[in-house]
Amino acid sequence: MTDSLKPKARAADKRRRLTAAAARVLHEQGVERTTLADIARVAEVPVGNVYYYFKTKDDLVRAALAEHSANLDELTRSLDELPDPRDRLKTLIEAWVSRRDVAARFGCPTGTLAAELDKRTDGTLDVEAGVVVRQLLDWVEGQFRAMGLPDPDDLAVTLVSAYQGMSLLANALRSPDIMTREGARLLRWLDSLKATDRIL
39 MTDSLKPKAR AADKRRRLTA AAARVLHEQG VERTTLADIA RVAEVPVGNV
89 YYYFKTKDDL VRAALAEHSA NLDELTRSLD ELPDPRDRLK TLIEAWVSRR
139 DVAARFGCPT GTLAAELDKR TDGTLDVEAG VVVRQLLDWV EGQFRAMGLP
189 DPDDLAVTLV SAYQGMSLLA NALRSPDIMT REGARLLRWL DSLKATDRIL
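The working numbering puts the first residue of the sequence shown at 39, with every later residue one more than the last.
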């Protein structure tokens, strides 16, 4: 019985490694420049095995999006352990800033992938990337709502837009300091919000 589980466990491990590698390589190289061989090399899986788990590159892009979604779930679950929603948002910003060097080199993992997929004509994977962005927006909105602030959906768009903008600028200018400065500005903004405030 134990022996029969070993191949399944090995297969699950290979798939997990390929999914994590897809998320990393697609972020670093982009969809068009990435080959299945690139992903296989990073995952340390023979390239022929990739086709057993993922028939096309689009399947790997979907896997990468699922990985981004799972990483976001893991992050927000850990943030949800904090009792104060304002502290949750501040810790989220600090997590973004802590990855400033990666953002300066490659941009936001989900944001850059969403922008690249939007240029394609098939119109499916870009929608799937939007689902991951929506996942972040919904969680952020929930924090503003828990703070008792009016217009929590607009506040969520403001915060997530600021993150995407600072990631884009840090990447375009290769300047991690942009993430640091803008992150500090966002923290001050959060501290300034009161339950009576409305977004303009």
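Every residue, glycine too, gets a C-beta built ideally from N, C-alpha and C. Just so we're clear, the structure is a prediction, and the values are computed from it rather than from any experiment.
Examine the ligand FAD and report whether any of its heavy atoms sits within less than 7 Å of the Cβ of residue i.
| i | result |
| --- | --- |
| residue 152 | This structure lacks the ligand FAD, and indeed carries no ligand of any kind. |
Sort the options by Cα distance to residue i and report the nearest one.
| i | options | result |
| --- | --- | --- |
| residue 126 | 174, 203 and 169 | 174 |
| residue 143 | 223, 44, 67 and 129 | 67 |
| residue 190 | 101, 201, 124 and 155 | 124 |
| residue 147 | 105, 120, 121 and 122 | 105 |
| residue 53 | 79, 75, 80 and 88 | 88 |
| residue 211 | 71, 141 and 121 | 141 |
| residue 122 | 184, 233, 231 and 110 | 184 |
Is it buried or exposed, residue i, if we count other Cβ atoms within 10 angstroms and call 16 or more buried?
| i | result |
| --- | --- |
| residue 86 | exposed |
| residue 167 | buried |
| residue 186 | exposed |
| residue 170 | buried |
| residue 150 | buried |
| residue 45 | exposed |
| residue 94 | exposed |
| residue 155 | buried |
| residue 228 | buried |
| residue 152 | buried |
| residue 49 | exposed |
Looking only at its own chain, which residues have a Cβ that is under 7 Å from the Cβ of residue i, when we skip the five neighbours before and after it?
| i | result |
| --- | --- |
| residue 220 | 200 and 204 |
| residue 207 | 216 |
| residue 225 | 128 and 131 |
| residue 133 | 113 |
Spatial neighbours of residue i within its chain, please: CB distance less than 6 Å, with the 5 preceding and 5 following residues excluded, ordered by chain position.
| i | result |
| --- | --- |
| residue 102 | 60, 61 and 64 |
| residue 57 | 101 and 105 |
| residue 235 | In this prediction, residue 235 has a pLDDT of 49, which is less than 50 and means its spatial position is unreliable; what the coordinates show is noted afterwards. Around residue 235: no qualifying Cβ. |
| residue 139 | 214 |
Just to confirm my understanding: we take residue i, look at its own chain, exclude 5 residues before and 5 after, and list those with CB closer than 8 Å. What are they?
| i | result |
| --- | --- |
| residue 82 | 55 |
| residue 100 | 163 and 166 |
| residue 74 | 85, 88, 89, 92, 95 and 98 |
| residue 202 | 146 and 149 |
*Stretch pair the region 159-167 + the region 178-189: three plus CB contacts closer than 8 Å*: Judged by Cβ distances under 8 Å, the region 159-167 makes no contact with the region 178-189, as fewer than three pairs qualify.
*Within the region 134-197, note down every full alpha helix (DSSP H) run reaching 4 residues or more, in order along the chain.*
Fully enclosed alpha helix (DSSP H) runs of 4 or longer: 138-144, 147-156 and 163-184.
*Which residue spans inside the region 84-108 form an unbroken alpha helix (DSSP H) run of at least 4?*
Counting only runs of 4 or more residues that sit fully inside the region 84-108, the alpha helix (DSSP H) segments are 85-91, in chain order.
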